[in-house]
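Residue numbers (our numbering), protein chains in the order written: chain L, 1 to 704; chain C, 1001 to 1704.
Protein chains: 2
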Amino acid sequence: AFTRDPNTGENVLYGNFLANAQGEDVVAGIRDAEPIVAMREHNPAVYAEFEQIARQLERFYRDMQDLEFTIERGTLYMLQCRTGKRTPRAAFRIAVEQATQPLASRQEVKRLVKAGCLPKRWASAAAKPVLSRQEAIARIRAEDVERLFYPVIDPTVPAEELQRRRLTRGIDAVPGAATGEVVFSAAAAESLAAAGRRAILVRKETSPEDVGGMYAAAGILTATGGKTSHAAVVARGWGKCCIVGCETLEIDYAANMMSVNGRHVRQGDRITLDGSQGVVYEGELPLVTPELPAQYHTLMSWCDAARRLKVRANADSPADAKAAVRMGAEGIGLCRTEHMFFKELGGGYSPEEVARRSQERQLAIQEMIVAENEADRRRALDKLLPFQRDDFVGIFEAMDGRPVTVRLIDPPLHEFLPRTREQVERLSAATGLSTQAIVQRSEQLHEANPMLGHRGCRLCITYPEILDMQVRAITEAAVRCRQAGRPVSPEIMIPLSIDRKELAILIQRVHQVADAVLAEAGVKLDYLAGTMIETPRAALLADELAEVCDFFSFGTNDLTQMTMGLSRDDAGRFLPAYVDPQTGIFPADPFQTLDFKGVGLLVESAIAKGRATRRKLKIGICGEHGGESASVAFCHRAGMDYVSCSPYRVPIARLAAAQAALAEKPAARSRRKRAGRVKKSPARTKRRPGSRRRSGRTRARAKK
Amino acid sequence: AFTRDPNTGENVLYGNFLANAQGEDVVAGIRDAEPIVAMREHNPAVYAEFEQIARQLERFYRDMQDLEFTIERGTLYMLQCRTGKRTPRAAFRIAVEQATQPLASRQEVKRLVKAGCLPKRWASAAAKPVLSRQEAIARIRAEDVERLFYPVIDPTVPAEELQRRRLTRGIDAVPGAATGEVVFSAAAAESLAAAGRRAILVRKETSPEDVGGMYAAAGILTATGGKTSHAAVVARGWGKCCIVGCETLEIDYAANMMSVNGRHVRQGDRITLDGSQGVVYEGELPLVTPELPAQYHTLMSWCDAARRLKVRANADSPADAKAAVRMGAEGIGLCRTEHMFFKELGGGYSPEEVARRSQERQLAIQEMIVAENEADRRRALDKLLPFQRDDFVGIFEAMDGRPVTVRLIDPPLHEFLPRTREQVERLSAATGLSTQAIVQRSEQLHEANPMLGHRGCRLCITYPEILDMQVRAITEAAVRCRQAGRPVSPEIMIPLSIDRKELAILIQRVHQVADAVLAEAGVKLDYLAGTMIETPRAALLADELAEVCDFFSFGTNDLTQMTMGLSRDDAGRFLPAYVDPQTGIFPADPFQTLDFKGVGLLVESAIAKGRATRRKLKIGICGEHGGESASVAFCHRAGMDYVSCSPYRVPIARLAAAQAALAEKPAARSRRKRAGRVKKSPARTKRRPGSRRRSGRTRARAKK
């Protein structure tokens, strides 16, 4: 039996009991057990005793208990108790109720004491909540938060059916479940979605040109890649069910078919993905989407009051931005501008219009890339400008004055080039260049190691007109918002910088362009210009970089790749051997949990160096680590101002930031307070004259 | 006129004079000028005066002078003098003679004083050498050394002919000149060389499978790549003329043809490369190979006495090792084992035998890669063992007891896989696997960023049997040498390590395998096991890595790539904009001259951390920077024990190491001496009783 319902968290005794039987019989399921309340009828006195013992045990262990007991000749024997397992929604309800409600009402306590079921010395304790709010926060795990949001396969589907339908297993990149028709191309996913049908996009791997189809699909399945491959990262940003690295999958694009161990699945066949387990099922299984329990909001508001770190989201479109705000984001820490080159991301367009506008965007960026001189490049960029400006207007509106960090173009140009014959011909028609010339240009752009190639701010050093267009689009969007009376707070971010001089050249150009736009419009606007710290050299020379910029944002994905010499797209081949407990080289996948020892050392030293130059330097993180509990705790300890992660991880970050703040040793906390880096907590506000009782939170803090 | 011959360096007045004319007439070449000695006949008194003024000026400026003068009505007027330009061989002769020979013999000085041509107070100075040995060393530039060794286009070829034959220009990757027949494949280069003909290998780019053909070719020309691309690095190792990044070149492999601006060159046509200028000429131009002047050896011996840094060479075959010793290498700092998988590198085989043995090696490594289980992998590795062992025996013999650092396998496996249909079929026949399976395996091994992928010691973590084979081959080769009474000093090096635990696992395995071989043979042998420091993480955690290994060797090529996020194969697209004086972001190409500020910071801190753990940790560098003057000076200041570079750069490193030692502030030098880090110089040996004159070197040192 459980002291509370482990499914809902309701504060009622929950469990089974079997008359005239042993525990083994219950476990073996030989006979159907009765619900525990039935015991009350069998033996009210024993039930009352059991009830109060349950309360005492919960009080003593300060958590919901899983109890084993037996009744022999009318005497209750307690056999064993341990902390009970619970569902995520139950975890929230139990934690919040334990911190707000007493185990029993005063009346009931009186009754129990009177009946001799509760010793008098327990009476006052029993009438109080078991936990402080801090302790309640500590009770929730990151998985509890994550699992609250995702649809799951209906738990009533029998295990045998799951077994029968099971096709294969991959890496559980994004949890949740999805079901739909299999398609093998982004275009097919988009047209299925346009027709109101659910698609599961199956690819060997995904690349930025698939983003439209990935967005349209209900779930994503890839044969290659790891938890931080393109598919996983993009899908996680949308909280979209995704399984990657499913290596048994053989995909035949020509035949529109995939095979697993001799079983064939054709385009249009239905499959179901369980992203939480990484399992792929044949056919359509029923899904259920859990509702958020009321206690979720209560607990998250406690977290928000307890944490010092701000939590932002990575969001690239107005829709993402809205989702981010709903999840509690206090700003956007990373707005990638490159998806805007592929896909119409604004709302309010018909599917045909979306397709047309997406194509126009793609053509414009491709024209820019194949252009043979600056004038042609500027002409192509001029076509992109209105699209980017509209996207930024939508994002700024959604964020309503919260800070929005926009990263200038980052990926290597070849990622934007046409791949299919049809796309090449379309570009040829648009530019007047021969298809051969376009293919040749694509080959020229091929790189041996694109991660370390011509990308990031190097693109703006060689083609400053790209920076000009993007900064103009951002500033013009901000001006529009301001002219419409809306608050807006843009932060322009330079990616992949490696040198003070390089950064100075670019930041100077940012100011030139932005200030010219503002002067022309006669609008005053505070905006920041900063850089990502994602190369080891940038971290090593952070003191110099801080001289010329307003903020740092640690791009820990790339920083990890370069510091460790690990390509996240390729590491799947050998990283498992490193994380394997047998070799035990790494305690965790460094793309999941920050490598505190190596990468963390660089981060800490860069923060120290950066702040030594500029005391008020704003510092955040926008890598995938910004949504992982242990890494968020590191960011807190390292003294960052904010973390930023995909919208669906924002609640995890809010929780982790609160837990990190509460776990801090009081001495460290007060050191920080003296340094003025901690948000004033209610405990430090002046006590109102005459108030004798301090608030619950204050009391708890004082106890720590 | 010059005070010495600027072509040979001979100590004679050299130049022209023109009677009854002005300087402009000489420069304009209107009339033929007479050699300066003719002046002696015209006017012996003025000539004697000019001779002694020349001596005084050389004495005063302490270097060979370029003089302008005029004679008006029998009076000599000196118009101007400046330090004279000179050829590399003249630079050596002048420097050595200035440091060893007086300007004039005692007899001549007496004669001049008597004749009133030399003031008496100059007499004793004129009878002494102008320079100290240290100053002579400082006079030589790295280019002087480099240009001594390479063949050049005969300087008598008229400029108009050069202009007419000029095809195009690329990047001057390796200096010198080469001429021969154009071929477009490594195989064609090899068969041409086997027939005793000279080939110029022209490729879009080169890869490890081309190494055999690159070795066979007289010169290499590629359409892509920069100074540190595969072609440039490999060619530099052999001192082989190489031009890369020749982007105007259109190569049509199918037609065996290349075109430049409409001019076509077919396979078999002759071209000439000037690697020092990066220029490609049509047709065969005459080349001359300069002889080393005697003064080269004198000056280098002074360098060797003055420097503290040891100089080793990077060498992968017995032939390379012999070349390295000839160039003055004191050991091998990097013996790459992967070329051994492509090419029979031992001597004494017929061309057919070389081809057969090379093919056998390639097949064996390919069998290893496509093997589906450990047993098959071990079987394939067993075939490679004798080849590797023989290579090591040859290298150890050539080095005759000097230390040899052998790096275990480093490149990603896909570099070894068959590419042509024929090669795939051969592997299929050898293994019984279908060609389809082989192609599929190749695709599986493809990586997005191979630089950061499954390579280096990661291969030995996933396939420890590769380490077993290589360590066995090294140790068995050492045992053979010892049994033949030869000294041998192997150092086994783990590449790309990123973690203490990873390195500990591998080093432990090295000792297990090596010690077992030694025990079996009953041979005692001192060998070292160490690691490359080529990832930022390894540098950051150097204190931990030093706990488990005997030496560090900085792989600054990769360390630069990762620290700066710069792929050296791709950086050609944007690095020029960074090194451009207009942006001035970098003072020099960081792949040529170490990035002292960023990468250098990591290197210095890693040395400090490593030595803090293990005071006697042996530390060297084996990146391309080990042969570049400014970087060698950095290595000296950073306290390394040795630098290692390609054999043809060894003299540059010897010179640079001496210059760095001499440039050190005396205080720093004596600090170092107290710390026991400086080789005892003769100046510090006890003076023999009764010897009143100290040696020249001692005197010079005492002066400094």
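Note that the Cβ used here is the ideal one computed from N, Cα and C, for glycine as well.
Contact list for T1583/C against chain L, beta-carbon separation under 8 Å:
Within chain L, I461, K501, E502, I505 have C-beta atoms less than 8 Å from the C-beta of T1583/C, given in sequence order.
Give the residues of chain C in contact with T206/L, contact being defined as C-beta atoms less than 9 Å apart.
The premise fails here: T206/L is roughly 12 Å from chain C at the closest Cβ pair, so nothing lies under 9 Å.
Taking only beta carbons into account, state which residues of the segment 557-580 of chain L come closer than 8 Å to chain C, listed in chain order.
D558, Q561, M562, T563, M564, G565, L566, S567, D569, D570, A571, R573, F574, A577, Y578
Just how far apart, CA to CA, sit E491/L and L384/L?
Looking at the backbone, the Cα of E491/L and that of L384/L are separated by about 20 Å.
Interface flag, P464/L vs chain C, CB-CB below 8 Å:
no
For R1537/C, would you say it is in contact with chain B, using Cβ-to-Cβ distances shorter than 8 Å as the test?
The structure shown contains no chain B; its protein chains are L and C.
Alpha helix (DSSP H) segments (min. 4 residues) lying fully within the segment 1074-1161 of chain C
1088-1100, 1106-1114, 1123-1126, 1133-1139, 1142-1149
Secondary structure at A448/L, three-state DSSP: helix, strand or coil?
coil
From the DSSP secondary-structure annotation, give me the bridge partner or partners of F1490/C.
In the sequence as presented, Phe is not what sits at residue 1490/C; that position holds Pro. Residue pairing by DSSP places P1490/C opposite V1404/C in a beta bridge.
With a threshold of 7 Å on Cβ separation, who are the neighbours of R1611/C within its own chain once the five nearest residues in sequence on each side are excluded?
Counting only Cβ-Cβ distances below 7 Å, and skipping sequence neighbours, we find L1617.
Would you call P1158/C buried or exposed, if buried means 16 or more other Cβ atoms sit within 10 Å of its Cβ?
exposed
Cβ-Cβ distance between A1313/C and S1631/C below 8 Å:
If you check the CB distance, A1313/C and S1631/C do not come in under 8 Å.
Answer yes or no: does any C-beta atom of chain L fall closer than 8 Å to that of H1414/C?
no
Unbroken stretches of the alpha helix (DSSP H), 4 residues or longer, contained in the segment 10-66 of chain L:
23-28, 38-42, 44-61
Beta-carbon gap between I94/L and M78/L smaller than 8 Å
no
At what residues does the beta strand (DSSP E) containing L1528/C begin and finish?
1528-1533
DSSP three-state assignment for N706/L, whether helix, strand or coil:
Shown here, chain L extends from 1 to 704; a query on residue 706/L therefore has no answer.
Determine the closest residue to A235/L out of D570/L, V265/L, V174/L, with distance taken between C-alpha atoms.
V174/L
Can you name the start and end residues of the alpha helix (DSSP H) that T1462/C belongs to?
1457-1462
Would you identify the three-state DSSP class for E425/L, choosing helix, strand or coil?
helix
DSSP beta-bridge partners of S644/L:
R312/L
Proximal chain L residues relative to A1448/C, where beta-carbon distance stays under 8 Å:
Within chain L, the residues near A1448/C are P450, M451, S567, D569, D570.
Report the neighbours of L1528/C on chain L: residues whose CB is nearer than 8 Å to its CB, in chain order.
Within 8 Å Cβ-Cβ: nothing; L1528/C doesn't reach chain L, min ~23 Å.
Does the beta-carbon of L59/L have 16 or more other beta-carbons within 10 angstroms, so that it is buried, or is it exposed?
Reading the sequence as shown, one finds Arg at residue 59/L and not Leu. Buried, by the Cβ-count rule.
Using a Cβ-Cβ cut-off of 8 Å, state whether L1662/C counts as contacting chain L.
no
At a CB-CB cut-off below 8 Å, which residues of chain L make contact with K1597/C?
In chain order: L541.
Does the beta carbon of I1498/C come closer than 8 Å to any beta carbon on chain L?
yes
Starting from the beta carbon of L602/L, find every residue of chain C whose beta carbon is closer than 8 Å, and list them in chain order.
P1536, L1540
Would DSSP call A260/L helix, strand or coil?
The sequence as given places Val at residue 260/L; Ala does not occur at that position. In the structure shown, V260/L sits in a strand (DSSP, three-state: E or B).
State the DSSP-derived secondary structure class of Y1253/C, mapped to helix, strand or coil.
DSSP places Y1253/C in coil when its eight states are reduced to three.
C-beta contact flag for A216/L and A193/L at 8 Å:
yes
Hey, does R1312/C have any beta-carbon neighbour from chain L nearer than 8 Å?
no
Proximity to E1250/C [Cα-Cα], best of I1494/C, E1205/C, L1273/C:
E1205/C
Can you look up I1171/C in the DSSP assignment and give me helix, strand or coil?
strand
Counting only runs of 4+ residues fully inside the segment 179-260 of chain L, write out the alpha helix (DSSP H) ranges in chain order.
186-194, 211-216, 230-238
DSSP state of L1385/C, grouped into three classes?
helix
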